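> Under the working numbering, the residue at position 754 of the sequence shown is numbered 736, and the numbers go up by one with no gaps.
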Amino acid sequence: MIILLPTAVLSLVWVAASSNIDLVNPLIGNTGPEPNFAGGMIPSVAPPFGMTRWVAQTHQNYVSRLPYNYSDSEIIHGFVGTHQPAIWMGESGMVGVVPGLSSSTDGKVKARFEERGLRKRVGSEKFGVSLYEVELETDGGGNIDVAMTATSRVGHFRFTFKTDAAWHPYILLQSSRPSELFHSTPTASHFNISYPDGWTSIFPEQNRICGYNSEMQDWVIAPVSSMQDVENKQRDGRGHGGFKGWFCAIFDREFDGYGVTQGSEQRDRALEGLGEEVGAFARFEYPSDQEELVVDVRIAVSFISMEQALVNLEEEVPQGTPLETTEQITRAAWEEKLDRIEVEGGKLEDRRVLMTSAFHALQYPYEQHEYGKYYSAYDDEVHDGESYNGYSIWDTYRAEWGFLLLFAPERIPGMIQSMLQDYKEGGWLPMWKNIVETNIMIATHADSLITEAVLKGFEGGFDVDLAWEAVWKDATVPPEKDWEVKYEDREEGVDYEVRAGLSSSYADPKKGWVDDDIHSESVSRTLGYAYDDHALSLLSAHLNKSPSVTSLLHERSMRAPWLVWNSDATSVDDYVNEEDKIRFNGMTKGFVQGRNVDGSWADPTSGFTEGDKWAYSFDIVHDIPGLIEKRGGKEAFVQSLNEHYDGGWDWFGNEPSHHIPYLYTMAGRPDLTQHRVREIARANYNDTPQGLSGNEDCGQMSAWYIFGALGFYPVNPVSKEFVIGSPFFDKLTLHLPSPEPDASPFYDAQRQAYTLTVEKQGDPEAIYVKSVAVNGEEVDLYGGNPIIRWEDIYHGGNIVFEMSNTPVFAVSDDTAGIVHEEL
């Protein structure tokens, strides 16, 4: 794929697409006005779920800063193999690759970030899912042309030096660097620089440089017990030696010189370096009779050892493999996934957004295993099996996981078994795993992931009994010092957070809420735990657990949300602007609100994570009928949804708002869902580097768009139901992978897939839905059952939307007086 990106403009010029991957724009969501309003994605090369993503480096990356930002990318400081999964997470075990020129055979090698940058030639940067290219201008007036591709564990580069024999090309491998650690407190946040250990070794006879670093930026928020266990093992000599990001680079040319850098120091002909800011370089003789020098380098990574890095190298990019072959392998891996999508109609920009959404969603979680084994930072051991990393579960349980269940079912057993291994090795299922558990976000939504997978037929391939043991522990065992620790966001020096407040919630049978004067984010926790209890009540019933267990979980899930519901709360005090206060006049009544140990109401603004009382008052997805009743019936509920949007309270860039537009449908107004979903899609997604209004959060933003385009959304993920919306394209077909033949009429033996087709009839520009038929049977869209079931689609199917240019809805006593013009 080739995308030409003139530096001065953000519009993209595309070549004709021969495959869906040619519609992908890797720059979507790469930049924005600040970290919270940028997508947090990088234009990297790697296959689906790749262990390491390779990207040009414009910045040193750390929590809140990506390695590449298009808005500030005139200077390239080298290239980096990164394991930073999201903008608000830290890097682990990176490796840097830096080309350069020196003026003599023992001249200066520019190792430090601030001095090694090269200006890119305007218009030379080309982005693709499997190939990145750029031309870098050098001090000598020539160029270094770079081509970069990658497999899951190997980066493959071709550096073409175009200068003259007066200059001496080199390539530096950066083992360790200064690392900025992010610290957050309730009143402020700050960074401090640490200096992780690194090691490098040069093997001139093999044209090879290897090394490692111990950088793991999120160790500062890892649970203290897990870090103590690892430290005890290391001290006693029983562990693996601690986390290390290993690499081995092999060049296709003999070294004309080599050496080690450490900070600003340089030691030519040294073979080894150890400590802070360590790197190693190889020089190459510029042929006097040629106009250019081409150097090919393959760089394998490992979390296990140097020897394993070499195994990974030979497994994925054996000696003699041309870069074009590596690129074609990775391109084919993306084609295998993305070409399972067929789209007709719609604007070209929207098709690009759709394909890029699939590209983003299929990167997470990413592989951590290395050919049958993996390193675990939970216990500092190497184990047999599969492992995955980058579990942003609070975000991804909503829709990303549901998309993977449909589109990457072959990955699901391994991903769940990976979580169960984390449980065995660390004591708990992950909440946000970034090599280690990080305690980021709230609730134990791994319970939801496991439940949804089991209910949707994925019981084979992982230990279901162990899964129940793990989720039951989530539901019944509180964390250490549960009455003492507040668990602020990114609080340091605490143990596993899990369901903080669990003991106080149920210490008194009259209670059931998380106390706001003990724990942070109390309302969000209360609602999150209630949803997880709901999920586990369904899992308990499915697995034929004791009826008393199922009943306990169900009763807790249905009772807890209404214990933090203040029916007397109104919206009148929310408005600072007097015009808005007059306009809405406190129309909405009834909001969730935190409660203290003694049962008194907390401050209405306290107790929320990445949202406010507006978002969370709609976040009781397992009891929408109860929510509608609490708001005073369907009419009042629809009015409250209108006030949520028209009053400016919706913050779509954060996940608690993602399901809200579909609640109109559940209150009898599908036409307003149809309007709002299109409105949200237009406002929050586009085909530019600023094309995501909020952080991608490991695929969730993109998964929302994919389901929106299909015309249905998993409001309650474990319900096995999708609420109907309005499809974006004339026809959208998904070929859902399944190697097993099936009697389904929608099974395609040639593709080894079930075919799911969503198509529109009527005016292709219409956004409103007159009727929906699923596999020939009409859905009761306007009569109270506006859903599509998992059973209707997971073995393929045909969904037909009959569209209308005007809203269609059945007026009842409950919805009388609500007119479309209110929007």
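Think of the CB as a built atom: it goes at the ideal place given N, C-alpha and C, for glycine as much as any other residue.
Note that the structure is a prediction, hence the values are computed from the model and not measured.
Between which two residues does the beta strand (DSSP E) harbouring D127 extend?
Counting along the chain, the beta strand (DSSP E) containing D127 begins and ends at N125 to A132.
> With a 10 Å radius around its C-beta and 16 neighbouring C-beta atoms as the bar for buried, classify F694 as buried or exposed.
Burial call: buried.
> According to DSSP, is V790 helix, strand or coil?
Here V790 sits in coil by DSSP.
> Classify P391 as helix, strand or coil using the three-state DSSP reduction.
Helix, per DSSP.
> In this structure, how does DSSP classify V495 when only helix, strand and coil are distinguished?
Before going further, note that residue 495 is Trp rather than Val in the sequence given. The answer is coil: DSSP assigns W495 none of H, G, I, E or B.
> Answer yes if the stretch 211 to 222 comes into contact with the stretch 232 to 251, meaning at least three C-beta pairs across the two stretches below 8 Å, and no otherwise.
The stretch 232 to 251 is not in contact with the stretch 211 to 222.
> Across the stretch 659 to 667 and the stretch 686 to 705, are there enough close Cβ pairs to call them in contact, namely three or more that are closer than 8 Å?
At 8 Å Cβ cutoff, the stretches touch.
> Are the beta-carbon atoms belonging to T34 and P49 less than 8 Å from one another?
Their beta carbons are not under 8 Å apart, which means T34 does not touch P49 by this criterion.
> Can you give me the start and stop residues for the beta strand (DSSP E) that A755 sits inside?
First-last of the beta strand (DSSP E) with A755: Y750 to V756.
> Among K355, F225 and E722, which one has its Cα closest to the Cα of S74?
The shortest C-alpha separation from S74 is found at F225.
> Since I believe F263 is in contact with V91 (beta carbons under 8 Å), could you give me their beta-carbon distance rounded to a whole number of angstroms?
Confirmed, about 5 Å.
> Nearest by alpha-carbon distance to S675: which of P67, W181, S522 and G11 is it?
Residue G11 is the option with its Cα nearest to S675.
> Would you mind sorting W36 into buried or exposed? The rule is 16 or more other CB atoms within 10 Å of its CB.
Its Cβ being crowded by 16 or more others within 10 Å, W36 is buried.
> Would the stretch 575 to 588 count as touching the stretch 602 to 610 if we require 3 or more Cβ pairs under 8 Å?
Output reads no: the stretch 602 to 610 does not touch the stretch 575 to 588.
> From F573 to K595, what does the alpha carbon distance come to, in whole angstroms?
If you take the alpha carbons of F573 and K595, they lie about 6 Å apart.
> So what does DSSP say about I770, is it helix, strand or coil?
Reduced to three states, the DSSP call for I770 is strand.
> Would you grab the beta carbon distance between S786 and G744 for me? Rounded to a whole angstrom, and I think it's under 8 Å.
With 8 Å as the limit, S786 and G744 qualify as a contact, their Cβ atoms being about 7 Å apart.
> Tell me the start and end of each unbroken beta strand (DSSP E) in the stretch 393 to 432 that is at least 3 residues and wholly inside, in chain order.
DSSP runs (the beta strand (DSSP E)) wholly in the stretch 393 to 432: 414 to 416.
> Between which two residues does the alpha helix (DSSP H) harbouring R140 extend?
Looking at the DSSP string, R140 is not in any alpha helix (DSSP H); the run it does join, the beta strand (DSSP E), is V136 to K144.
> Do F141 and P81 count as a contact pair if the criterion is CB distance below 8 Å?
Closer than 8 Å, so yes.
> Give me whichever residues DSSP pairs with T38 in a beta bridge.
Sequence check: residue 38 is Ala here, not Thr. Looking at the DSSP assignment, A38 forms a beta bridge with F61.
> According to the neighbour-count rule (16 or more other Cβ atoms, all chains shown, within 10 Å of its Cβ), is N559 buried or exposed?
With fewer than 16 Cβ atoms within 10 Å of its Cβ, N559 is classed as exposed.
> Determine, using beta carbons only, whether L387 and E318 come nearer to each other than 8 Å.
Not closer than 8 Å, so no.
> Between L431 and Y379, which are expected to be in contact by the criterion C-beta below 8 Å, what is the C-beta distance as a whole number of angstroms?
The pair is a contact, with the Cβ atoms about 6 Å apart (cut-off 8 Å).
> Of the residues Y348, D429, M413 and Y356, which one's Cα is nearest the Cα of M397?
Closest option to M397, Cα to Cα, is Y348.
> Is it buried or exposed, F590, if we count other Cβ atoms within 10 angstroms and call 16 or more buried?
So F590 ends up on the buried side.
> Restricting to Cα atoms, I'd like to know which of F31, N2, N51 and Y729 is closest to I24.
Of the candidates F31, N2, N51 and Y729, the one whose C-alpha sits nearest the C-alpha of I24 is N51.
> Cα separation between K374 and A147?
In the sequence as displayed, the identity of residue 374 is Ser instead of Lys. Roughly 50 Å separates the two Cα atoms.
> Give the secondary structure of Q621 by DSSP, where H, G and I count as helix, E and B as strand, and everything else as coil.
In the structure shown, Q621 sits in a helix (DSSP, three-state: H, G or I).
> Where do the N-terminal and C-terminal ends of the alpha helix (DSSP H) with D218 fall, by residue?
Looking at the DSSP string, the run of the alpha helix (DSSP H) that includes D218 is V206 to D218.
> Suppose you measure from the CA of F807 to the CA of S0; what does that come to, to the nearest Å?
With the chain covering -17 to 805 only, the question about residue 807 has no answer from this structure.
> Of the choices K742, A68, I749 and V782, whose alpha-carbon is the least far from that of E759?
Cα-wise, what sits closest to E759 is V782.
> Taking Cβ to Cβ, would you say F285 is nearer than 8 Å to Y357?
Their beta carbons are under 8 Å apart, which means F285 touches Y357 by this criterion.
> Expressed to the nearest angstrom, what Euclidean distance is found between the alpha-carbon atoms of H604 and M209?
Going from the Cα of H604 to the Cα of M209 covers about 37 Å.
> Please check the pair G193 and S161, which I expect to be a contact at CB under 8 Å, by giving their CB distance rounded to whole angstroms.
With 8 Å as the limit, G193 and S161 do not qualify as a contact, their Cβ atoms being about 16 Å apart.
> Does the stretch 702 to 712 come within contact of the stretch 641 to 648, defined as at least 3 CB pairs closer than 8 Å?
Yes, since at least three Cβ pairs between the stretch 702 to 712 and the stretch 641 to 648 fall closer than 8 Å, the two stretches touch.
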